[in-house]
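For the sequence shown, the positions run -21 to -1, 1 to 1024 when mature numbering (1 follows the signal peptide of the UniProt record, and there is no 0) is used.
We put the beta carbon where it would ideally sit given N, CA and C, even for glycine.
To start, the structure itself, in structure tokens.
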Amino acid sequence: MRNKLLIFALLVLLAGGTAIAQINPEGKITGKVSDDQGNPLPGVTVEATSPKLVGKAATVTDATGTFRLLALPSGTYELVFTLPGFKTLVRKDIILQLSQTIVVNVTMEPAAIEEQVTVVGQSPLIDVKSTVKGAVLTKETFLSLPRGRNFESLITTVPGVSSEGIAGGISVDGASGAENMWYVDGTNVTEIHVGTRAQNVVLELVDELKVTASGYNAEFGGSMGGVVNVVTRSGGNTFHGDIIGFYENNKLWMQGKARDYLRQNPYDPTTLTYEYVNDDDLYFNGGKNRDPYYRMEGVFSLGGYIIKDRLWFFGSFNPIFSYTNYLRDFNSRQGPFYTFPQKNYNYNGSIKLTAAPITGLRLSASWVNNYSEYTGEVPSINGTSQSDLPYHLGGYKYPNWSAAFTADYSGSRNLLVSLRAGWHRQDMNQKYPPIAGPTYYFNYNNYYYQTDPFFQAHPNLLHYAGWTNSLYWLDYKKELREKISTNLDATYYMNLAGEHAWKAGVQFIYLHEDYDASPVAPRINIYWNRTGSFGRGTYGYYIIRHGYGSYPYGWLWNIHSNNWALYLQDSWTIANRLTLNFGVRTEYEYIPSFDPNFDVTPIKFDFADKLAPRFGLVYDVFGDSSLKVFGSFGIYYDVMKLYLAEGAFGGFKWKNSYFALNNPDWTLIAANFVNTGDFEDLADQAPGGNQYLGTIDFRYPSFDAVDPSMKPVSQMEISFGAEKKIFEDLSFSARAVYKHLIRTIEDIGAYEEVSPGNFAEVYMFANPGYGWARPQSQGGRLSDAYWPMPKAKRDYYGLNLALEKRFSNNWQGGINYTLSRVQGNYGGLASSDEAGRVSPNVERYFDYWFMPFKADGTELGGPLPHDRTHYIKAYGSYVFPFGLTVGVTAYARSGYPLSTRINLCNAYMWPNGYGDLGRLPWNVWADIYVEYTLRFAGKYGVGINLQVNNITNTKSITNKVFDLNRVGSRYYVYAPGTTTRVYFEDDMLAGTFKDYWYEYFSNRSLDLDGNTSTTSNPLDPHPAFGWWSSRFGTWSMRLGFKFTF
């Protein structure tokens, strides 16, 4: 930790006094001052003040009458223009949003005596210098609307932005949830391992929130989705604070009846009974006797000044406590029942200092904390868990914090230098260790054999699926992830055939991970009555998970990497109307070895590999900021996450050794285990007639398996649009966008026999369809016998239309519509093929040669699983004169496409392509927020509020069973009623697989097991194929209280 503090301090000092662009939250107000004859006025003093600005910002117009006020926080401004011999001009209520540039042109009138002219309103709505498209949500906007308990809960109101669990989280313009960048006070809090959001701030502590979807300049990189920037609240020249509380529980008056869902009967091992159940009816007497749950949250904040107009402070504390007292048994819900409490604690908070020590210099330092932990694990609700485990001692701790430092210096009207330094750190610690001996897990139940003589004599060894003998099997000692970053940039303004704003910057990022999580004894997974990759025994088979040599199974590494970025851009305004934005960004990054025995750099991209040009055009049609048209083009590169390296380069050790289960006494397996330091010692792991079958290394070290010609993940974007100011508070915008995946990086694999009886899932890392990922005859490494690997494809076409009204006359509102299509064969760094699995660059898309194809050998394509054609969103709030505020958000969206999937060869295939089963139905729902506030003594307010989610009680279908079969480990079956093997891969290449796949994978009565005395289909066709499986969640309520001063 001491070394990290030194690194952080050194980065700040090295860049100190200068500038940054990690993500620049400051805005600019610029314009021209002229006299009543239209002549430019040099020497005019321009001063800006705002409740959000420490001190005041001041400048003087140049020879062309141009002024620039730089590095301004968002807020409502007052501008004062003074010049001897002219009437002083005051412009009030100028609204500046996050990172916005607004143009304020004014005319000053001569005066013989000192006079003042005050103009209220007439605030520009449109940034006519930028091609950036997205939205800014201010505190005044979101605190009067229904909102969740994290800052991303309202960004789904932005056109093109949606929350898609199937895509791994927040999806922006068809990208997956692992392709966004997240910032808090300028610090990058994007999780470095998988790329998701790693920190939260509740909206009550947020001042402004900006979502950027397209068109951003060269200073921003690393995102193929969106950029989300959160600015926390600051102090001021007056003291202000809040005491806020929220409460919710799961009583029927606060939470509606649970929805029905589809499940396989957990107590019926011999038949394939699928049924629709409802937990309230099944376990809780119609919801009247639910496991008691409540959640209490407090938000305490205080802001003000230490030195007026010089040094402000803001501090907050956001504790959350939730408690559930679960009633469980260990006798299939027959009792007796016991209570199992689970307690969750969150300790969130922030500290922020904002200073203006000298003219032109603004400083900010902040710290945001997200510590959480829970105590108490919970047995299965079905009553099928082990009874004697220490559930009450279980739990985890999750430290998580970030720190940020910013400095902006504008020593003259032409120069701005900025610094952003940030540090984000998170960890995970386990409260209770696993048992010292072997741990067993039943992947399938063994009640199928309950009439077997052994189990009749030992009924205590019968258990249901999901049973285990240990609370934990992994010992998580640490899971440390941290990022230290700094950005330094300078912006210089000059006149040369128009105004130029040149910006150049450099960025440095230090990434560090330190993991230690592994079992202390063998882990045995038992597959009763199942056939695995190497066959089976009398009772099925089992797997021992382990590592290699002296390394156990698990996550063991301590690594770091240093990455850089450079960028240069120019914003050139011609004739005060046309602005051209040119820029280029380049990055240097590498992925280190995760095994200390190998001093190599498996993946490295130099600056020449990641040249990202950007171009934008903006035209202020009437020259008054009332209508702009814009277009942009850009190449965007992903910043690689570290998930790929953990498995490929020696970090995650994972071998599966397979054994035939011939002895029903599973307690003999590894019973005499002694840790000799050799985790591949299998001598006592096949006792009593069980038989070793073979080993698969699922994380075979692949240092030499990286295509030397591999290029980074990249995307091309083109957007066009227009924005029109209709009234002072009302605007309309339209945007058309096309985003094309240029290439991705994926693991492309096959099973290979690396030694007699030992197989490995061997992968190479390449760009699908390029380099090594081509047939050997084309210079690649893939067999010419296979269908040629296609390129990864993802194309997004979107049209956004939005009408938005700023808050005025007691109300605000907005409505927008998105028409879109995302199509191809690749869902993104989080996989929509796999229900939102977040494993960047090692998803399943290209793991096996046939996966990107249909059954007939044609390339896979069509609307991707997370595609939605239509999305309509609306929001609004009204403040009544007597203190009542009512806010509503409403959504309507078309359903996902559904596709038939078959499971085979330890992989899967979409045999008919995407979308052959039609689409799920529309979802239409709304949330409401109601608050009553009583104000007294001028500055005090007391309020109560109520939020109801899904007030429409929507219960539409959200998913169906699309897997045609359930067992995917088979590479072959037997021709119906014979002992002749039918190999799927051979038949795919021969062109015959397409003729029989549906019959084989759907007909349960088909005899494909090669045993002429029985009739069995080992592919296990799904008896509930095509059934709906889930519905939109029930309604819920939250109560709140607020005291402000």
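- Between V858 and I907, the CB-CB gap reaches or exceeds 8 Å.
- Residue pairing for F60: DSSP places it in a beta bridge opposite V25 and L68.
- Cβ contact annotation for S787 (same chain, cutoff 7 Å, sequence separation greater than five): D708, in chain order.
- DSSP places E707 outside both helix and strand once states are collapsed to three, so it counts as coil.
- In the structure shown, N264 adopts helical secondary structure according to DSSP, grouped into three states.
- A straight line joining the alpha-carbon of D495 with that of K462 spans about 18 Å.
- Cβ contact annotation for G759 (same chain, cutoff 8 Å, sequence separation greater than five): G750, W751, A752, R753 and M768, in chain order.
- The closest CA to that of A444, considering only Y427, W452 and P432, is found on Y427.
- Rounded to whole angstroms, the separation of the alpha carbons of I299 and F1020 is 15 Å.
- Here N804 is buried: its Cβ has 16 or more other Cβ atoms, across all protein chains shown, within 10 Å.
- M87 has D14 as its beta-bridge partners, per DSSP.
- Of all C-beta pairs linking the region 380 to 397 to the region 141 to 159, fewer than three are shorter than 8 Å, placing the two stretches out of contact.
- In this structure, T61 lies away from T86, with their beta-carbon atoms at least 8 Å apart.
- Inclusion of A771 and P747 in the CB contact set at 8 Å is warranted, their separation being smaller than that value.
- Beta-bridge pairing by DSSP links W551 to H479 and L559.
- Comparing alpha carbon positions, the residue from R847, Y717 and L913 closest to G194 is Y717.
- In this structure, the beta-carbon distance from V209 to F279 does not fall below 8 Å.
- Judged by DSSP in its simplified three-state form, W645 adopts helix.
- A direct Cα-to-Cα measurement between D774 and S150 gives close to 14 Å.
- When secondary structure is reduced to three states using DSSP, E183 falls in the helix class.
- Counting along the chain, W507 sits inside no alpha helix (DSSP H); it lies in the beta strand (DSSP E) bounded by residues R502 to W507.
- When C-beta atoms of the region 892 to 908 are compared with those of the region 862 to 878, three or more pairs fall below 8 Å, so the two segments count as touching.
- Within a 10 Å sphere around the beta-carbon of K607 sit 16 or more other beta-carbons, which makes this residue buried.
- In the DSSP assignment, W976 falls within the unbroken alpha helix (DSSP H) covering F972 to S981.
- Excluding residues up to 5 positions away in sequence, G215 lie with their Cβ nearer than 6 Å to the Cβ of P30 in the same chain.
- Taking the CA atoms as reference points, R564 sits about 41 Å from R880.
- Residue range Y622 to A627 is occupied by the alpha helix (DSSP H) that includes L623, with no beta strand (DSSP E) assigned at that position.
- Relative to A37, the option among L306, S13 and L49 whose CA is nearest is L49.
- If you draw a 10 Å sphere on the C-beta of Y887, you find 16 or more other C-beta atoms in it, and that means buried.
- In the DSSP annotation of this structure, the continuous segment of the beta strand (DSSP E) that includes K634 starts and ends at K634 to A639.
- Here P844 carries a coil assignment [DSSP, helix/strand/coil].
- Excluding sequence positions up to five before and after A1003, its CB lies within less than 7 Å of the CB of L241, Y253 and V940, all in the same chain and listed in chain order.
- If the five residues before and after F699 are omitted, its C-beta is found closer than 6 Å to the C-beta atoms of G610 and A715, all from its own chain and listed in chain order.
- Rounded to whole angstroms, L623 and Y350 show a C-alpha spacing of 27 Å.
- In this structure, A834 is the residue among A834, G989 and G841 with its C-alpha nearest to the C-alpha of E964.
- The beta-carbon separation of L808 and G174, rounded to 6 Å, stays under the 8 Å limit for a contact.
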